[in-house]
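Before any comments, here is the structure.
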Amino acid sequence: ETRTSLPANPSLTRTTLGQLCIAPRTSRSQPVTISILDQDIREIKPEELIYDVPKEPFIKNDNSEIFKGEYNKFTVAIKRYAYSSGTSLSQVRSVFKKEVETMKRFESPNILRMFGICFCEKGSLRAVLDSQRKLPWDRKARLSLDAAQGIYRLHQSEEKFKVHGCINSSRFLVDAGYRVKLAYFELAQTETSLKRTKDRKRRSLCYSSPQQLESVNHPYNKACEMYSFGVVLWEIATCKIPFKDCSRKEVYQMVCKDKYTEPLPEDCPQLLGELINNCRSYDSFYRPTAGVLVDKLCNVVEQLGED
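First residue of the sequence shown: 1, per UniProt numbering; consecutive thereafter.
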(Lines of atoms letter the chains of each structure in order from A and count residues from 1; the text may use other names and numbers.)
(Lines give C-alpha, C1' and ligand atoms only; values in the text may rest on other atoms or scores of the structure.)
Protein backbone atom coordinates (compact mmCIF):
# COMPACT_ATOMS: atom_id res chain seq x y z
CA GLU A 1 0.00 0.00 0.00
CA THR A 2 1.30 3.44 -0.86
CA ARG A 3 0.35 6.85 0.35
CA THR A 4 0.60 10.15 -1.42
CA SER A 5 3.41 11.90 0.41
CA LEU A 6 3.99 15.60 0.91
CA PRO A 7 6.95 17.13 -0.89
CA ALA A 8 9.93 18.15 1.21
CA ASN A 9 9.15 21.81 0.60
CA PRO A 10 6.27 22.78 2.91
CA SER A 11 5.28 25.58 0.54
CA LEU A 12 2.95 23.44 -1.56
CA THR A 13 1.74 24.53 -4.97
CA ARG A 14 -1.91 24.51 -5.98
CA THR A 15 -1.15 21.57 -8.26
CA THR A 16 0.14 19.52 -5.35
CA LEU A 17 -2.82 20.49 -3.21
CA GLY A 18 -5.19 19.42 -5.94
CA GLN A 19 -3.53 16.02 -6.07
CA LEU A 20 -3.78 15.72 -2.31
CA CYS A 21 -7.50 16.23 -2.57
CA ILE A 22 -8.11 13.48 -5.11
CA ALA A 23 -5.37 10.85 -4.82
CA PRO A 24 -6.61 7.46 -3.46
CA ARG A 25 -4.52 5.90 -0.70
CA THR A 26 -3.90 2.71 -2.66
CA SER A 27 -3.32 4.25 -6.08
CA ARG A 28 -0.01 3.44 -7.73
CA SER A 29 -0.91 5.35 -10.88
CA GLN A 30 -2.13 8.84 -11.64
CA PRO A 31 -4.58 10.55 -9.25
CA VAL A 32 -8.21 9.80 -10.03
CA THR A 33 -10.13 12.87 -11.18
CA ILE A 34 -13.53 13.29 -9.54
CA SER A 35 -15.72 15.92 -11.15
CA ILE A 36 -17.97 17.89 -8.81
CA LEU A 37 -19.23 20.42 -11.33
CA ASP A 38 -22.73 18.94 -11.29
CA GLN A 39 -22.75 17.87 -7.64
CA ASP A 40 -23.86 19.75 -4.57
CA ILE A 41 -21.25 20.15 -1.87
CA ARG A 42 -22.52 18.51 1.27
CA GLU A 43 -21.50 19.29 4.82
CA ILE A 44 -18.98 16.75 6.09
CA LYS A 45 -19.18 15.64 9.69
CA PRO A 46 -15.89 16.05 11.62
CA GLU A 47 -15.86 12.34 12.52
CA GLU A 48 -15.74 11.45 8.80
CA LEU A 49 -12.28 12.99 8.51
CA ILE A 50 -9.07 11.26 9.56
CA TYR A 51 -6.13 13.56 10.23
CA ASP A 52 -2.56 12.42 9.65
CA VAL A 53 -0.40 12.06 12.75
CA PRO A 54 1.04 14.32 14.02
CA LYS A 55 -2.00 16.53 13.49
CA GLU A 56 -0.25 19.70 12.40
CA PRO A 57 -1.20 22.12 9.62
CA PHE A 58 1.18 22.35 6.69
CA ILE A 59 -0.29 25.71 5.67
CA LYS A 60 -1.89 28.26 7.97
CA ASN A 61 -2.83 31.92 7.96
CA ASP A 62 -5.00 34.31 9.94
CA ASN A 63 -8.23 32.83 8.59
CA SER A 64 -7.62 29.13 8.10
CA GLU A 65 -5.40 26.08 8.52
CA ILE A 66 -4.83 23.23 6.06
CA PHE A 67 -4.08 19.71 7.25
CA LYS A 68 -3.27 16.48 5.45
CA GLY A 69 -5.75 13.69 6.08
CA GLU A 70 -8.15 11.15 4.64
CA TYR A 71 -11.79 11.14 3.60
CA ASN A 72 -13.42 7.95 2.30
CA LYS A 73 -9.97 6.41 1.67
CA PHE A 74 -8.86 9.43 -0.35
CA THR A 75 -5.87 11.50 0.69
CA VAL A 76 -7.18 15.03 1.09
CA ALA A 77 -6.22 18.50 2.18
CA ILE A 78 -8.55 19.50 5.02
CA LYS A 79 -9.13 23.22 5.32
CA ARG A 80 -10.46 24.50 8.63
CA TYR A 81 -11.74 28.03 8.97
CA ALA A 82 -11.43 30.24 12.03
CA TYR A 83 -13.53 33.33 12.51
CA SER A 84 -13.93 36.04 15.12
CA SER A 85 -16.74 36.26 17.64
CA GLY A 86 -18.16 39.22 15.71
CA THR A 87 -18.72 37.12 12.60
CA SER A 88 -22.16 35.58 12.21
CA LEU A 89 -22.75 32.00 11.11
CA SER A 90 -24.47 33.26 7.95
CA GLN A 91 -21.37 35.26 7.05
CA VAL A 92 -19.18 32.19 7.49
CA ARG A 93 -21.49 30.11 5.32
CA SER A 94 -21.32 32.85 2.70
CA VAL A 95 -17.52 32.66 2.66
CA PHE A 96 -17.72 28.89 2.28
CA LYS A 97 -20.23 29.14 -0.54
CA LYS A 98 -18.18 31.63 -2.54
CA GLU A 99 -15.04 29.52 -2.29
CA VAL A 100 -16.89 26.32 -3.16
CA GLU A 101 -18.59 27.89 -6.16
CA THR A 102 -15.26 29.21 -7.41
CA MET A 103 -13.69 25.76 -7.16
CA LYS A 104 -16.63 24.15 -8.95
CA ARG A 105 -16.64 26.75 -11.71
CA PHE A 106 -12.95 26.43 -12.49
CA GLU A 107 -12.55 22.65 -12.56
CA SER A 108 -8.90 22.01 -13.34
CA PRO A 109 -5.98 19.86 -12.19
CA ASN A 110 -4.49 23.11 -10.89
CA ILE A 111 -7.48 24.11 -8.76
CA LEU A 112 -8.34 22.54 -5.42
CA ARG A 113 -11.17 20.04 -5.60
CA MET A 114 -13.78 20.31 -2.89
CA PHE A 115 -15.37 17.26 -1.26
CA GLY A 116 -17.31 19.10 1.42
CA ILE A 117 -17.07 21.41 4.39
CA CYS A 118 -17.21 21.25 8.16
CA PHE A 119 -16.74 23.94 10.75
CA CYS A 120 -17.03 24.74 14.46
CA GLU A 121 -20.61 25.88 14.15
CA LYS A 122 -21.07 27.25 17.67
CA GLY A 123 -18.38 29.84 17.04
CA SER A 124 -15.96 31.07 19.66
CA LEU A 125 -15.92 29.92 23.26
CA ARG A 126 -16.74 33.49 24.29
CA ALA A 127 -19.85 33.42 22.09
CA VAL A 128 -20.98 30.15 23.69
CA LEU A 129 -20.50 31.57 27.18
CA ASP A 130 -22.42 34.71 26.24
CA SER A 131 -25.36 32.75 24.88
CA GLN A 132 -25.62 30.00 27.49
CA ARG A 133 -25.41 31.20 31.06
CA LYS A 134 -26.54 27.95 32.70
CA LEU A 135 -24.06 25.36 31.51
CA PRO A 136 -23.83 22.36 33.89
CA TRP A 137 -20.55 21.84 35.72
CA ASP A 138 -19.76 18.59 33.92
CA ARG A 139 -19.94 20.42 30.59
CA LYS A 140 -17.88 23.32 31.92
CA ALA A 141 -15.24 20.82 33.07
CA ARG A 142 -15.23 19.17 29.64
CA LEU A 143 -14.86 22.54 27.92
CA SER A 144 -11.98 23.35 30.26
CA LEU A 145 -10.25 20.04 29.57
CA ASP A 146 -10.57 20.38 25.80
CA ALA A 147 -9.15 23.89 25.90
CA ALA A 148 -6.30 22.79 28.18
CA GLN A 149 -5.44 19.94 25.84
CA GLY A 150 -5.09 22.46 23.02
CA ILE A 151 -2.66 24.51 25.10
CA TYR A 152 -0.77 21.37 26.12
CA ARG A 153 -0.40 20.21 22.53
CA LEU A 154 1.03 23.58 21.54
CA HIS A 155 3.40 23.76 24.51
CA GLN A 156 4.65 20.25 23.74
CA SER A 157 5.42 21.14 20.15
CA GLU A 158 8.61 19.72 18.67
CA GLU A 159 9.68 23.32 18.28
CA LYS A 160 11.02 24.08 21.74
CA PHE A 161 9.25 26.61 23.95
CA LYS A 162 6.28 27.16 21.63
CA VAL A 163 3.58 29.52 22.90
CA HIS A 164 0.34 30.77 21.37
CA GLY A 165 0.95 34.41 22.25
CA CYS A 166 -2.65 35.59 22.45
CA ILE A 167 -4.76 33.40 24.72
CA ASN A 168 -8.30 34.54 25.46
CA SER A 169 -11.77 33.04 25.23
CA SER A 170 -12.21 34.19 21.63
CA ARG A 171 -9.20 32.14 20.55
CA PHE A 172 -11.03 28.87 21.13
CA LEU A 173 -13.74 27.52 18.81
CA VAL A 174 -16.59 25.20 19.78
CA ASP A 175 -18.16 22.59 17.50
CA ALA A 176 -21.69 21.18 17.52
CA GLY A 177 -20.77 18.61 20.17
CA TYR A 178 -19.36 21.28 22.50
CA ARG A 179 -15.80 20.17 21.84
CA VAL A 180 -13.29 23.00 22.09
CA LYS A 181 -10.42 23.62 19.69
CA LEU A 182 -7.60 26.13 19.94
CA ALA A 183 -7.34 28.42 16.92
CA TYR A 184 -5.89 31.71 15.66
CA PHE A 185 -2.19 30.94 15.57
CA GLU A 186 -1.06 34.13 13.84
CA LEU A 187 0.98 35.14 16.92
CA ALA A 188 2.27 31.67 17.80
CA GLN A 189 6.04 31.85 18.24
CA THR A 190 8.78 30.60 20.50
CA GLU A 191 9.20 32.16 23.92
CA THR A 192 12.52 33.68 22.91
CA SER A 193 11.23 35.25 19.69
CA LEU A 194 7.96 36.66 21.03
CA LYS A 195 8.69 40.22 22.10
CA ARG A 196 6.54 42.85 23.75
CA THR A 197 6.15 45.09 20.73
CA LYS A 198 3.05 46.27 18.94
CA ASP A 199 1.73 42.71 19.13
CA ARG A 200 1.21 43.34 22.83
CA LYS A 201 -1.75 45.57 21.97
CA ARG A 202 -3.47 42.57 20.45
CA ARG A 203 -3.57 40.78 23.79
CA SER A 204 -6.37 41.98 26.00
CA LEU A 205 -5.28 43.68 29.19
CA CYS A 206 -7.36 41.51 31.51
CA TYR A 207 -5.51 38.38 30.33
CA SER A 208 -2.06 39.82 31.06
CA SER A 209 -0.11 38.27 33.92
CA PRO A 210 0.95 40.44 36.89
CA GLN A 211 4.54 40.23 35.67
CA GLN A 212 3.57 41.63 32.27
CA LEU A 213 1.51 44.40 33.82
CA GLU A 214 4.35 45.38 36.14
CA SER A 215 7.16 45.38 33.59
CA VAL A 216 7.00 46.21 29.92
CA ASN A 217 10.23 44.24 29.48
CA HIS A 218 8.99 41.01 31.05
CA PRO A 219 9.25 38.23 28.43
CA TYR A 220 6.08 36.44 27.40
CA ASN A 221 6.51 32.78 28.34
CA LYS A 222 4.49 29.67 29.19
CA ALA A 223 3.89 30.87 32.75
CA CYS A 224 2.32 34.06 31.37
CA GLU A 225 0.25 31.96 29.01
CA MET A 226 -1.01 29.77 31.86
CA TYR A 227 -2.15 32.90 33.71
CA SER A 228 -4.07 33.99 30.61
CA PHE A 229 -5.58 30.54 30.38
CA GLY A 230 -6.56 30.72 34.04
CA VAL A 231 -8.67 33.75 33.17
CA VAL A 232 -10.28 31.74 30.36
CA LEU A 233 -11.06 28.95 32.85
CA TRP A 234 -12.65 31.54 35.15
CA GLU A 235 -14.79 32.68 32.21
CA ILE A 236 -15.95 29.11 31.62
CA ALA A 237 -16.79 28.73 35.30
CA THR A 238 -18.70 32.00 35.58
CA CYS A 239 -19.81 32.76 31.98
CA LYS A 240 -18.81 36.35 32.79
CA ILE A 241 -16.45 38.81 31.13
CA PRO A 242 -13.22 39.32 33.11
CA PHE A 243 -12.70 42.73 34.73
CA LYS A 244 -15.72 44.07 32.90
CA ASP A 245 -15.81 47.89 32.65
CA CYS A 246 -12.49 48.22 34.51
CA SER A 247 -9.90 50.70 33.27
CA ARG A 248 -6.26 49.80 32.73
CA LYS A 249 -5.36 51.58 35.96
CA GLU A 250 -8.00 49.67 37.89
CA VAL A 251 -6.89 46.31 36.50
CA TYR A 252 -3.29 47.12 37.38
CA GLN A 253 -4.26 48.09 40.93
CA MET A 254 -6.33 44.97 41.52
CA VAL A 255 -3.97 42.44 39.94
CA CYS A 256 -0.56 43.84 40.83
CA LYS A 257 -1.10 45.77 44.06
CA ASP A 258 -4.06 44.03 45.67
CA LYS A 259 -3.21 40.61 44.19
CA TYR A 260 -6.91 40.24 43.55
CA THR A 261 -8.55 37.42 41.61
CA GLU A 262 -12.18 37.59 40.60
CA PRO A 263 -14.33 35.19 42.67
CA LEU A 264 -15.68 31.86 41.49
CA PRO A 265 -19.29 30.72 41.93
CA GLU A 266 -20.08 29.25 45.34
CA ASP A 267 -21.12 25.96 43.78
CA CYS A 268 -17.90 25.56 41.78
CA PRO A 269 -16.45 22.05 42.35
CA GLN A 270 -13.57 22.34 44.80
CA LEU A 271 -10.85 20.73 42.69
CA LEU A 272 -11.83 22.72 39.60
CA GLY A 273 -11.80 25.94 41.61
CA GLU A 274 -8.35 25.15 42.99
CA LEU A 275 -6.98 24.57 39.49
CA ILE A 276 -8.44 27.83 38.21
CA ASN A 277 -6.98 29.76 41.14
CA ASN A 278 -3.60 28.07 40.74
CA CYS A 279 -3.45 29.16 37.11
CA ARG A 280 -4.22 32.72 38.22
CA SER A 281 -1.58 32.72 40.97
CA TYR A 282 0.28 36.00 41.36
CA ASP A 283 3.55 34.08 41.68
CA SER A 284 4.28 32.29 38.41
CA PHE A 285 6.04 29.51 40.35
CA TYR A 286 2.67 28.21 41.57
CA ARG A 287 1.01 28.08 38.17
CA PRO A 288 0.76 24.52 36.82
CA THR A 289 2.19 23.48 33.50
CA ALA A 290 -0.29 22.60 30.78
CA GLY A 291 0.51 18.90 31.22
CA VAL A 292 -0.19 18.93 34.95
CA LEU A 293 -3.38 20.90 34.38
CA VAL A 294 -4.65 18.40 31.79
CA ASP A 295 -4.05 15.47 34.15
CA LYS A 296 -5.94 17.13 36.98
CA LEU A 297 -8.78 18.29 34.75
CA CYS A 298 -9.17 14.69 33.59
CA ASN A 299 -9.79 13.78 37.23
CA VAL A 300 -12.35 16.57 37.55
CA VAL A 301 -14.21 15.38 34.44
CA GLU A 302 -14.23 11.80 35.73
CA GLN A 303 -15.49 12.82 39.17
CA LEU A 304 -18.29 14.97 37.79
CA GLY A 305 -19.24 12.21 35.37
CA GLU A 306 -19.71 9.81 38.27
CA ASP A 307 -21.96 12.19 40.24
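Yeah, the Cβ is synthetic: ideal placement off N, Cα and C, and Gly gets one too.
A quick note: this is a predicted structure, and the numbers were derived from the prediction, not measured.
- Listed in chain order, the non-local C-beta contacts of G273 below 8 Å within the same chain comprise A237, L264, local neighbours out to five positions each way being set aside.
- Residue burial annotation: D295 is exposed, with fewer than 16 other C-beta atoms found within 10 angstroms of its C-beta.
- Under the DSSP definition of a beta bridge, R80 partners with E65.
- L182 has F172 as its beta-bridge partners, per DSSP.
- DSSP, read as helix, strand or coil, puts T289 in coil.
- Counting along the chain, no beta strand (DSSP E) covers L272; the unbroken alpha helix (DSSP H) around it starts and ends at 270-279.
- When DSSP states are grouped into helix, strand and coil, S124 belongs to the strand group.
- In this structure, S124 sits near S170, with a CB-CB distance shorter than 8 Å.
- A check of alpha carbon separations from Q303 across V292, D138, D146, E262 identifies D138 as the nearest.
- Taking every protein chain shown into account, the CB of Q156 has fewer than 16 other CB atoms within 10 angstroms, so this residue is exposed.
- Between T75 and L154, the alpha-carbon positions lie close to 25 Å from each other.
- Straight-line spacing of the CA atoms in V301 and C268 works out to 13 Å.
- In this structure, the straight-line span from the alpha carbon of C206 to that of L275 is close to 19 Å.
- If you look at Y227, you'll find it isn't in any beta strand (DSSP E); it sits in the alpha helix (DSSP H) that goes 222-238.
- In this structure, the straight-line span from the alpha carbon of N72 to that of I50 is close to 9 Å.
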